[in-house]
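Inspection log for the structure reproduced underneath, given as structure tokens.
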Amino acid sequence: MKTNSILIELTNRCNLNCLYCFEKKRDLYRDIGQNFHQSREQTLKVLSENQEITNVTLSGGEPLLYENLEKIIEWFSEKQITLLTNGIKRIENKEVIRDLDIVVSLDGDYDVMSRHRGISESQFLRINKTIEWYIKYAKSVSVNTVVTPYNINKKEYYPYEKL
Ligand code: SF4
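Heads up, the sequence shown is in the working numbering, so the first residue is 21 and it goes up one at a time.
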């Protein structure tokens with residue numbers, strides 16, 4: 021079957037401030053007003069009804085900061101949905117995540133993550149808990165790693181092999 025994919029950046033807001041983030045350079049959606057927000061959702065609704073589109077990737081910024089995320093997932097429920105997230109927040113509703121392919125950003129151990137993403141130890145633990153949550157309840161989980169001089173020679177970090 022032919023695959024037609026789209027990537028939707030739901031927001032450029034984020035709850036992290038990573039060293040290498042390109043989103044920080046842009047301010048497309050922030051404070052842009054209710055009219056823009058409404059017309060963007062109308063566009064998404066039309067896209068969700070397009071039978072030609074088979075695969076949808078929801079990204080950001082951090083898509084979990086988009087207040088209507090679950091509504092958007094519902095609209096695209098006939099498609100294969102991939103969600104890209106930093107794992108600081110998680111979707112609690114198991115019904116919503118059941119059919120999702122989830123990609124969580126994880127660059128390595130706490131030392132690497134604090135250098136790359138400026139996170140605290142509790143945030144690092146939360147990201148790992150989030151990954152465990154999605155391993156249990158999502159359709160699939162992958163880890164997305166940004167390689168830099170800080171982690172290129174480090175041993176890989178896969179705590180989930182034990183699960
Ligand atoms: S998690 Fe992603 S969007 Fe957020 S600051 Fe980091 S690189 Fe940017």
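Even for Gly, the Cβ is constructed at its ideal location relative to N, Cα and C.
- Item | C-alpha gap between Y49 and H57, whole angstroms | At Y49, the pLDDT of 48 sits below 50, so the modelled position is not reliable and the matter cannot be decided from this model.
- Message: I need the DSSP call for T150, collapsed to helix, strand or coil.
- Response: helix
- Message: I want to check one thing, is the minimum distance from the CB of L36 to the heavy atoms of the ligand SF4 below 7 Å?
- Response: yes
- Query: Leaving out five residues before and five after N35 in sequence, what residues of the same chain have Cβ atoms less than 8 Å from its Cβ?
  - Reply: E82, L85, N106, I108, K109
- Proximity winner among L103, E115, L39, relative to T31 (alpha-carbon distances): L103
- Task: Could you check how far apart the C-beta atoms of E29 and G80 are, in whole angstroms? I think they sit under 8 Å.
- Result: 6 Å
- What does DSSP give as the partner residues of V161 in its beta bridges? I122
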